[in-house]
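Here the structure comes first, spelled out in structure tokens, and everything after it is commentary.
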Amino acid sequence: MLEYFNSKLITYINGKHTKEEVLKILVDLIRENTDVLKDEQHFYENIMAREELGSTGIGQGIAIPHARSEKIEEIVVAVGLVENKIDFNSPDGEGVNLILLVGAPKGKNREYLSLVSELMRTFRNKKLREAVTCASNYQELLEAIAELK
30 MLEYFNSKLI TYINGKHTKE EVLKILVDLI RENTDVLKDE QHFYENIMAR EELGSTGIGQ
90 GIAIPHARSE KIEEIVVAVG LVENKIDFNS PDGEGVNLIL LVGAPKGKNR EYLSLVSELM
150 RTFRNKKLRE AVTCASNYQE LLEAIAELK
């Protein structure tokens, strides 16, 4: 799982934002720091269409928005920790402060689904989740993610 994390795709987001704004920030982060995204608007629309199918909030302050797209060349993960919680319609009714955005090409279904499942398992662990969600700046966030097993 950690092989998908890149420090250039991890950000601490200050201020108050909507779900749509944060997802756009993360898509922009991918566009600015990688060569894998061929059409950011198309990918953003895929992410939003997936959100309309059902919440990607998994509870306990975590959301894992994800989508496959023919406009992505390889699996990518962008991580955003927000200062102010966002409503992701999570099953527990809690706001979300950690967003793990996963994008994958259409042909990598097994690898993509395996990664999403592993992220869900990892962040259900209270100790690991709290180490990441309690970070108060970019450096603390990077250090907490580096400690994930």
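Offset between the sequence shown (1-based) and my numbering: plus 29.
Heads up, the beta-carbon is just placed ideally off N, CA and C, and yes, glycines get one too.
Check, Outcome
"Within 10 Å of its beta-carbon, does Ala96 have 16 or more other beta-carbons around it, so buried, or fewer, so exposed?", "buried"
"From the DSSP secondary-structure annotation, give me the bridge partner or partners of Ile128.", "Ala92, Gly109"
"Can you tell me whether Arg40 is buried or exposed? The criterion is at least 16 other CB atoms within 10 Å of its CB, across all chains shown.", "Reading off the sequence shown, one finds Thr at residue 40, where the question assumed Arg. Flag for Thr40 reads buried."
"In chain order, what residues of the same chain lie with their CB nearer than 6 Å to the CB of Leu148, ignoring the 5 residues before and after it?", "Ile93, Leu129"
"DSSP on Leu66, reduced to helix/strand/coil?", "strand"
"On the DSSP bridge assignment, give the partners of Tyr41 in chain order.", "Leu110"
"Work out the CA separation of Arg153 and Val125 for me, nearest whole Å.", "14 Å"
"Using 8 Å as the Cβ pair cut-off and three pairs as the minimum, do the region 113 to 125 and the region 71 to 87 touch?", "yes"
"Which residues share a DSSP beta bridge with Ala164?", "BP columns for Ala164 are empty, so no partner."
"Can you tell me the Cβ-Cβ gap for Glu69 and Val51, rounded? I've got them flagged as a contact below 8 Å.", "Going by Cβ atoms, the distance from Glu69 to Val51 rounds to 15 Å, so no, they are not a contact pair."
"Rounded to whole angstroms, what is the Cα-Cα separation between Lys156 and Ser143?", "22 Å"
"Only counting the same chain, and skipping five residues up and downstream in sequence, which positions put a Cβ closer than 7 Å to that of Glu176?", "Ala160"
"For Met77, I'd like the list of residues in its chain whose CB is within less than 8 Å of its CB, leaving aside the five on either flank, ordered along the chain.", "Glu49, Leu52"
"Taking only three categories from DSSP, how would you classify Ile174?", "helix"
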